[in-house]
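S.K.: Residue numbers (my numbering): 63 to 282. Cβ atoms here follow ideal geometry from the backbone N, Cα and C, with glycine treated the same way.
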Amino acid sequence: MTQRKFQEKQLSPEQRKQVDSAIGDIIPLNSDAPLQWYFTPQFPSGSGIVLAKLKEFTTPNLIRFGFEGEQIVLNLTLKGFSTSWARLPNYLSMIIVGFPANSEGDIVERASRFLFREANRKPFAEIVSGKTEYIDESMKDILNAGRMSPSSFNRQPWRFEILDRNSIAIHGWKKIPLIYEDVISIDLGVVISHMYLMAKSMNDDAKVEPISLRSYLLTF
Numbered sequence: 063m064t065q066r067k068f069q070e071k072q073l074s075p076e077q078r079k080q081v082d083s084a085i086g087d088i089i090p091l092n093s094d095a096p097l098q099w100y101f102t103p104q105f106p107s108g109s110g111i112v113l114a115k116l117k118e119f120t121t122p123n124l125i126r127f128g129f130e131g132e133q134i135v136l137n138l139t140l141k142g143f144s145t146s147w148a149r150l151p152n153y154l155s156m157i158i159v160g161f162p163a164n165s166e167g168d169i170v171e172r173a174s175r176f177l178f179r180e181a182n183r184k185p186f187a188e189i190v191s192g193k194t195e196y197i198d199e200s201m202k203d204i205l206n207a208g209r210m211s212p213s214s215f216n217r218q219p220w221r222f223e224i225l226d227r228n229s230i231a232i233h234g235w236k237k238i239p240l241i242y243e244d245v246i247s248i249d250l251g252v253v254i255s256h257m258y259l260m261a262k263s264m265n266d267d268a269k270v271e272p273i274s275l276r277s278y279l280l281t282f
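1) At which residues does the alpha helix (DSSP H) containing Asp82 begin and terminate?
2) Please name the residue, chosen from Val245, His256, Gly234 and Ile273, that lies closest to Arg149 on a Cα-to-Cα basis.
3) So what's Met156 in DSSP terms, helix, strand or just coil?
4) For Phe161, which of Phe282, Gly110, Pro96 and Phe101 has the nearest alpha-carbon?
5) By the 10 Å Cβ neighbour count, where 16 or more other Cβ atoms means buried, how is Asp249 classified, buried or exposed?
6) DSSP three-state call for Lys269: helix, strand or coil?
7) Nearest-angstrom Cα distance between Leu91 and Val81?
8) Compare the C-alpha of Phe105 against each of Trp99, Arg221 and Leu113 and name the closest.
9) Nearest by alpha-carbon distance to Ile19: which of Pro212, Arg221 and Asn182 is it?
10) By a C-beta neighbour count over all protein chains shown, 10 Å radius and 16 as the cutoff for buried, is Gln65 buried or exposed?
11) Where does Asp198 sit, in a helix, a strand or coil, going by DSSP?
12) What does the alpha-carbon distance come out to for the pair Phe68 and Val253?
13) Taking only three categories from DSSP, how would you classify Glu243?
14) Secondary structure at Lys262, three-state DSSP: helix, strand or coil?
15) Excluding sequence positions up to five away, which residues of its chain have a Cβ less than 6 Å from the Cβ of Ile204?
16) Return yes when the Cβ of Ala84 is within less than 8 Å of the Cβ of Ile134, no when it is not.
17) Mind pulling the beta strand (DSSP E) runs of 3 or more residues that sit fully within the region 117-141?
18) Hey, Leu275 and Thr121: beta-carbon distance below 8 Å or not?
19) Compare the Cα-Cα distances from Ala74 to each of Val159, Pro212 and Trp99 and report the closest residue.
20) For Gln72, which residues in the same chain have their Cβ closer than 7 Å to its Cβ, ignoring the five residues on either side in sequence?
21) Let's see if you can read the secondary structure: which residues bound the alpha helix (DSSP H) around Phe215?
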């Protein structure tokens, strides 16, 4: 779950190694090599930030950024770190890394957001279409992994089309105001990451590949 308030705390050498390990354990999108991710402690919140160098801010690159970045978020969470996607004006989104602030109010806030996050997600009928007769428990788990994925301002800019028993098309919004192009594309990468990882946990041969600029095919 996204952390809102962080301790201002430097990482120990061992913790830096754990962050580096989380960054290095990435499954790239398609056959592309992973982006050049790195950690820097030079940030006024938390213990530092993780980000990647992008030469071109194209839609496919931004989707890759979200796909790989969310894996880093999940890896860091498993290692006991708190994280938050953040974006500053004129900068690409980044991942804040650290530890939660020690405040009772923050704990209550996180608990409340966890309990009510289901109410903040779009219903199945609104985002799932296609051959819904093929939805079994395994596919439902994959769809739920996508439906519960985080997104900027909780826009949830995606929909899922069931193609057959083992194929789901993941569609991002087609018409996007230019000002939102980067965050919406990153959000699409994030949701693809969650669904792919869930599918891969069931079938190691799961794969994802582009269909069009903002649509991807997940097979499992």
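M.R.: Checking against the coordinates, here is how it stands:
1) Within the sequence shown, residue 82 is the residue found at index 20, counting from 1. Annotation for Asp82: the continuous alpha helix (DSSP H) segment containing it runs Pro75 to Gly86.
2) Walking along the sequence shown from the start, residue 149 turns up at place 87. Looking at the Cα atoms, Val245 is the closest of the given residues.
3) Sequence index remark: in the sequence shown, residue 156 carries index 94 (1-based). Taken through DSSP and simplified to helix, strand or coil, Met156 comes out as strand.
4) Along the sequence shown, read from residue 1 onward, the residue named residue 161 stands at position 99. Nearest in C-alpha terms to Phe161, of all of Phe282, Gly110, Pro96 and Phe101, is Gly110.
5) The sequence position of residue 249 within the sequence shown is 187, counting from 1. It counts as buried.
6) By 1-based counting over the sequence shown, the position of residue 269 is 207. DSSP, reduced to helix, strand and coil, places Lys269 within a strand of the structure shown.
7) Stepping through the sequence shown from its first residue, residue 91 is reached at position 29. Stepping through the sequence shown from its first residue, residue 81 is reached at position 19. Leu91 and Val81 have their C-alpha atoms some 21 Å from each other.
8) Looking up residue 105 in the sequence shown gives position 43. Nearest option by C-alpha distance: Leu113.
9) No statement about residue 19 is possible, as the shown extent of the chain runs from 63 to 282 and does not include it.
10) Position 3 of the sequence shown, counted from the first residue, corresponds to residue 65. By the Cβ neighbour-count rule, Gln65 is buried, with 16 or more other Cβ atoms within 10 Å of its own.
11) By 1-based counting over the sequence shown, the position of residue 198 is 136. Correct three-state label for Asp198: coil.
12) Indexing the sequence shown from 1 puts residue 68 at position 6. Indexing the sequence shown from 1 puts residue 253 at position 191. Distance from the CA of Phe68 to the CA of Val253, rounded to the nearest whole angstrom, comes to 25 Å.
13) Here residue 243 is taken as the residue at index 181 of the sequence shown, counted from 1. Note: Glu243 maps to helix in three-state DSSP.
14) Your numbering for residue 262 matches position 200 in the sequence shown. Reduced to three states, the DSSP call for Lys262 is helix.
15) In the sequence shown, counting from the first residue as 1, residue 204 sits at position 142. When the five nearest sequence neighbours on each side are left out, the beta carbons in the same chain lying within less than 6 Å of the beta carbon of Ile204 are those of Met257, Met260 and Ala261, in order along the chain.
16) Numbered from 1 along the sequence shown, position 72 holds the residue referred to as residue 134. Numbered from 1 along the sequence shown, position 22 holds the residue referred to as residue 84. Contact: yes.
17) Unbroken beta strand (DSSP E) runs of no fewer than 3 residues, entirely contained in the region 117-141, are not found.
18) Along the sequence shown, read from residue 1 onward, the residue named residue 275 stands at position 213. Along the sequence shown, read from residue 1 onward, the residue named residue 121 stands at position 59. Yes, these two residues count as a Cβ contact at 8 Å.
19) On the sequence shown, residue 74 is found 12 positions in, with the first residue counted as 1. Residue identity check: residue 74 is Ser in the sequence provided, not Ala. The alpha carbon of Ser74 has as its nearest neighbour, out of Val159, Pro212 and Trp99, the alpha carbon of Val159.
20) Counting from 1 along the sequence shown, the entry for residue 72 is found at position 10. Within the same chain, Gln72 has close Cβ partners Pro103 and Ser109.
21) Stepping through the sequence shown from its first residue, residue 215 is reached at position 153. Careful: Phe215 lies outside any alpha helix (DSSP H) and carries neither H nor E.
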